[in-house]
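**Q**
There are 2 protein chains.
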Amino acid sequence: MIDTNFSKQLIDYIASRISLSLEESKLIAEAYSILHVKKKDYLISQDKAGNIEAFVIMGTFRVFYNDSKGLEHVLYFAFKDWWVGDIASFNSGELSMLNAQALEDSIVFTIDPIKKEKLLEQIPQLEKLFRIITQKHLTVLQKRFLLTVSANVAERYHELIQRHPGIEQLVPQHQIASYLGILPESLSRMKKQLLKD
Amino acid sequence: MIDTNFSKQLIDYIASRISLSLEESKLIAEAYSILHVKKKDYLISQDKAGNIEAFVIMGTFRVFYNDSKGLEHVLYFAFKDWWVGDIASFNSGELSMLNAQALEDSIVFTIDPIKKEKLLEQIPQLEKLFRIITQKHLTVLQKRFLLTVSANVAERYHELIQRHPGIEQLVPQHQIASYLGILPESLSRMKKQLLKD
DNA sequence: CGCGACGTTGATTTGCCTCAACGATTGTGG
DNA sequence: CCACAATCGTTGAGGCAAATCAACGTCGCG
Chain A
108 MIDTNFSKQL IDYIASRISL SLEESKLIAE AYSILHVKKK DYLISQDKAG
158 NIEAFVIMGT FRVFYNDSKG LEHVLYFAFK DWWVGDIASF NSGELSMLNA
208 QALEDSIVFT IDPIKKEKLL EQIPQLEKLF RIITQKHLTV LQKRFLLTVS
258 ANVAERYHEL IQRHPGIEQL VPQHQIASYL GILPESLSRM KKQLLKD
Chain B
108 MIDTNFSKQL IDYIASRISL SLEESKLIAE AYSILHVKKK DYLISQDKAG
158 NIEAFVIMGT FRVFYNDSKG LEHVLYFAFK DWWVGDIASF NSGELSMLNA
208 QALEDSIVFT IDPIKKEKLL EQIPQLEKLF RIITQKHLTV LQKRFLLTVS
258 ANVAERYHEL IQRHPGIEQL VPQHQIASYL GILPESLSRM KKQLLKD
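Residue numbers (the working numbering), protein chains in the order written: chain A, 108 to 304; chain B, 108 to 304.
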């Protein structure tokens with residue numbers, strides 16, 4: 108089912124990056140499926156196959172990894188006009204390493220690997236677009252990694268809230284702690300300490 | 108200058124992933140330049156513009172970030188048939204965040220952003236190849252990040268030497284410590300402890 | 001040969017974890 | 001709609017892994 112109002116947002120996103128004919132816009136709108144995800148529901152689940160790639164129309168997701176000790180590690184938060192997916196399993200067909208859970212009622216466009224492959228054959232221009240999008244994702248993750256290994260928790264905390272003003276109103280503090288790589292208790296103590304200065 | 112013996116290795120790498128005509132192989136060989144990098148010399152330097160992307164024909168590199176406190180953090184080691192570059196600055200024209208230093212006398216093929224752009228226009232098939240290569244790099248970095256935040260140092264150490272047997276003969280121990288995110292003293296102590304068990 | 005790079009060991013400090021308890025807020029089923 | 005449970009954030013005490021600071025032996029290279 109295609110919702111033309113919502114699909115317009117995805118088409119606009121793509122059309123602002125490459126030029127699209129009307130026919131191509133139609134192919135894109137048909138390849139993607141709209142999906143409503145309720146708060147706390149999962150868009151992607153770890154250790155499951157059959158993964159999808161999603162474009163966020165509305166809402167917020169936390170994308171996280173559940174390690175062998177049962178601890179959760181937030182890889183990133185995804186907002187409007189971001190892509191959500193486990194790049195590894197989407198392209199390999201293997202089980203997902205990641206979970207993506209809605210932090211509020213959300214709407215996304217999803218596509219599976221087969222449909223995406225077909226779409227890329229129909230519109231070769233998309234190869235370039237998705238190459239550039241993937242490069243951007245790699246750039247962002249590289250910066251996140253280097254900041255994680257080189258900066259202390261307070262510096263990483265300030266970088267996050269500066270890059271995403273208002274995130275503390277949207278995301279529970281213990282999930283921000285998980286993004287920063289510390290326990291909720293530690294973040295609580297750190298914020299208390301920051302107030303003293 | 109094109110060295111046909113060395114360029115064969117790059118062409119073989121590409122031809123094993125997409126089908127190439129003779130004409131296309133020639134275009135690729137002409138777009139890349141061969142470069143000999145002596146041990147300890149830099150292929151890429153932090154805070155410099157004019158970056159390149161390189162394909163390693165022979166040798167080894169360490170790719171690292173120098174933080175504001177002067178500490179070095181190894182992002183990855185690059186071996187034969189790997190790509191080396193700072194994805195962020197190569198595509199944006201900004202200053203490099205990374206250094207790439209040869210750990211032994213090495214040979215690479217390099218390309219600058221302008222020549223790569225032109226090559227991609229001449230051989231649109233390469234768009235798909237580089238999209239897939241970038242996806243692979245993103246997958247590797249995502250796994251590295253998640254392992255770094257979820258596993259302890261001993262586990263990360265074992266993962267590294269299992270994935271790269273013999274790396275300890277090639278890479279000084281303090282650089283392995285840097286890759287693992289600890290100081291050389293800590294790695295020395297950890298290895299001593301491992302021998303006791 | 002001599003110096004610098006590398007690795008090791010020791011003593012001490014530090015930042016975050018662990019375990020535990022508790023109040024406030026949110027959400028839910030009867 | 002209320003009562004109770006679950007979730008969330010805070011605070012405290014104690015522990016631990018790695019950092020820090022320092023000293024020293026070895027090796028390889030210029």
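For glycine and all other residues, C-beta sits at the position ideal for the given N, C-alpha and C.
9 Å is my cut-off, CB to CB: does A/K222 come that close to chain B?
**A** Within the first sequence, numbered from 1, the residue matching residue 222 of chain A stands at position 115. It does not: the Cβ of A/K222 has no partner Cβ on chain B nearer than 9 Å.
**Q** Where does B/R124 sit, in a helix, a strand or coil, going by DSSP?
**A** For the purposes of this step, residue 124 of chain B is identified with residue 17 of the second sequence, where counting begins at 1. In the structure shown, B/R124 sits in coil (DSSP, three-state: anything other than H, G, I, E or B).
**Q** Along the chain, which unbroken stretches of the beta strand (DSSP E) at least 3 residues long are found entirely within the segment 185-260 of chain B?
**A** Runs of the beta strand (DSSP E) inside the segment 185-260 of chain B: 206-209 and 213-218.
**Q** What does the Cβ neighbour count give for A/Y149, buried or exposed, with the cut at 16 atoms within 10 Å?
**A** For the purposes of this step, residue 149 of chain A is taken as residue 42 along the first sequence, with counting starting at 1. By the neighbour-count rule (16 or more Cβ atoms within 10 Å), A/Y149 is not buried but exposed.
**Q** Compare the beta carbon distance of B/T217 and B/S132 with 9 Å and say whether it is the shorter of the two.
**A** Indexing the second sequence from 1 puts residue 217 of chain B at position 110. Indexing the second sequence from 1 puts residue 132 of chain B at position 25. Cβ atoms of B/T217 and B/S132: not closer than 9 Å.
**Q** If we count the other Cβ atoms within 10 Å of its Cβ and call it buried at 16 or more, is A/D193 buried or exposed?
**A** One-based indexing of the first sequence puts residue 193 of chain A at position 86. So A/D193 ends up on the buried side.
**Q** In this structure, how does DSSP classify A/Y149 when only helix, strand and coil are distinguished?
**A** Mapped onto the first sequence, residue 149 of chain A falls at position 42. Strand, per DSSP.
**Q** Check A/A138 in the structure and name its three-state DSSP category.
**A** Locating residue 138 of chain A in the first sequence gives position 31, where the first residue counts as 1. Here A/A138 sits in helix by DSSP.
**Q** For A/L134, collect the residues of the same chain with a Cβ closer than 8 Å to its Cβ; drop the 5 residues on either side in sequence, then sort them by chain order.
**A** To locate residue 134 of chain A, count along the first sequence from 1; it is residue 27. Excluding residues within five positions, the ones whose Cβ falls inside 8 Å are L226, Q229 and I230.
**Q** Among residues of its own chain, excluding the 5 on either side of A/I109, which ones have a beta-carbon nearer than 6 Å to its beta-carbon?
**A** Position 2 of the first sequence, counted from the start, is the residue given in the question as residue 109 of chain A. For A/I109, the pLDDT reaches just 48, beneath the cut-off of 50, and the residue's location in the model is therefore unreliable, leaving the point undetermined.
**Q** Tell me the rounded alpha-carbon separation between A/L236 and A/K243.
**A** For the purposes of this step, residue 236 of chain A is taken as residue 129 along the first sequence, with counting starting at 1. For the purposes of this step, residue 243 of chain A is taken as residue 136 along the first sequence, with counting starting at 1. Roughly 11 Å separates the two Cα atoms.
**Q** Within 10 Å of its beta-carbon, does B/A156 have 16 or more other beta-carbons around it, so buried, or fewer, so exposed?
**A** By 1-based counting over the second sequence, the position of residue 156 of chain B is 49. Classification for B/A156: exposed.
**Q** Is the segment 110-120 of chain B touching the segment 161-177 of chain B, taking contact as three or more C-beta pairs under 8 Å?
**A** yes
**Q** Would you say A/H281 and B/S257 are within 9 Å of each other, going by their C-beta atoms?
**A** Walking along the first sequence from the start, residue 281 of chain A turns up at place 174. Walking along the second sequence from the start, residue 257 of chain B turns up at place 150. Result no, Cβ atoms of A/H281 and B/S257 do not sit closer than 9 Å.
**Q** Out of B/Q232, B/N259, B/R238 and B/A284, which one is the CA nearest neighbour of B/S128?
**A** By one-based count along the second sequence, residue 128 of chain B stands at place 21. Selected option, being the one with the closest Cα: B/Q232.
**Q** Are the segment 263-279 of chain B and the segment 183-203 of chain A touching, with three or more C-beta to C-beta distances below 8 Å?
**A** no
**Q** Is the separation between the beta-carbon of B/Q208 and that of B/F168 shorter than 9 Å?
**A** Indexing the second sequence from 1 puts residue 208 of chain B at position 101. Indexing the second sequence from 1 puts residue 168 of chain B at position 61. Taking 9 Å as the Cβ cut-off, B/Q208 and B/F168 qualify as a contacting pair.
**Q** Looking at the C-beta of A/L142, does it have a partner C-beta in chain B at a distance below 9 Å?
**A** As a position in the first sequence, residue 142 of chain A is number 35, starting the count at 1. False, the Cβ-Cβ gap to chain B never drops below 9 Å.
**Q** Apply the 10 Å Cβ neighbour rule to B/Q300 and answer buried if 16 or more other Cβ atoms are within range, or exposed otherwise.
**A** Position 193 of the second sequence, counted from the first residue, corresponds to residue 300 of chain B. Counting Cβ neighbours within 10 Å, B/Q300 comes out exposed, since fewer than 16 surround it.
**Q** Does the separation of the CB atoms of A/G166 and A/L210 fall below 9 Å?
**A** On the first sequence, residue 166 of chain A is found 59 positions in, with the first residue counted as 1. On the first sequence, residue 210 of chain A is found 103 positions in, with the first residue counted as 1. Contact: yes.
**Q** The alpha helix (DSSP H) with A/I274 in it runs from where to where?
**A** Position 167 of the first sequence, counted from the first residue, corresponds to residue 274 of chain A. Here the alpha helix (DSSP H) through A/I274 covers I274 to L277.
**Q** Where does A/I151 land, buried or exposed, given buried means 16+ other C-beta within 10 angstroms?
**A** The count along the first sequence starts at 1 and reaches residue 151 of chain A at position 44. The residue is buried, with at least 16 neighbouring Cβ atoms inside 10 Å.
**Q** Under a CB-based cut-off of 9 Å, is B/I109 close to chain A?
**A** Here residue 109 of chain B corresponds to residue number 2 of the second sequence, with the count starting at 1. Residue confidence is low: B/I109 scores 48 on pLDDT, short of 50, so the model does not pin down where it sits. No coordinate-derived value is stated.
**Q** Spatial neighbours of A/W189 within its chain, please: C-beta separation below 6 Å, excluding the five flanking residues on both sides.
**A** By 1-based counting over the first sequence, the position of residue 189 of chain A is 82. Excluding positions up to five away in sequence, the list reads V163.
**Q** With DSSP run on the structure shown, which of helix, strand or coil describes A/I96?
**A** A question about residue 96 of chain A goes unanswered here, because the residues of chain A that appear run from 108 up to 304.
**Q** How would you call B/Q249, buried or exposed, if buried means at least 16 neighbouring beta carbons within 10 angstroms?
**A** The residue labelled residue 249 of chain B in the question sits at position 142 within the second sequence. Buried: at least 16 other Cβ atoms inside 10 Å.
**Q** Once the 5 residues before and after B/F113 are set aside, which same chain residues still bring their CB inside 6 Å of it?
**A** Translated into positions along the second sequence, residue 113 of chain B becomes position 6. Contacts found: I141 and I164.
**Q** If you follow the alpha helix (DSSP H) that B/A284 is part of, which residue opens it and which one closes it?
**A** The count along the second sequence starts at 1 and reaches residue 284 of chain B at position 177. For B/A284, the enclosing alpha helix (DSSP H) stretches over residues Q280 to L287.
**Q** Using 8 Å for Cβ pairs, my map puts A/S213 next to A/V144. What's the rounded Cβ distance?
**A** On the first sequence, residue 213 of chain A is found 106 positions in, with the first residue counted as 1. On the first sequence, residue 144 of chain A is found 37 positions in, with the first residue counted as 1. Sure, about 5 Å apart at Cβ, within 8 Å.
**Q** Between A/H265 and chain B, is any beta-carbon pair separated by less than 9 Å?
**A** Translated into the one-based positions of the first sequence, residue 265 of chain A becomes position 158. For A/H265, the answer is no, since every Cβ of chain B falls outside 9 Å of its Cβ.
**Q** Identify, in the order they occur along the chain, each residue of the same chain with its Cβ nearer than 7 Å to the Cβ of B/Q116, setting aside the five sequence neighbours on each side.
**A** As a position in the second sequence, residue 116 of chain B is number 9, starting the count at 1. Contacts found: I164.
**Q** A/I283: buried (16+ other C-beta within 10 angstroms of its C-beta) or exposed?
**A** Residue 283 of chain A sits at position 176 when you count from the first residue of the first sequence. That one is buried.
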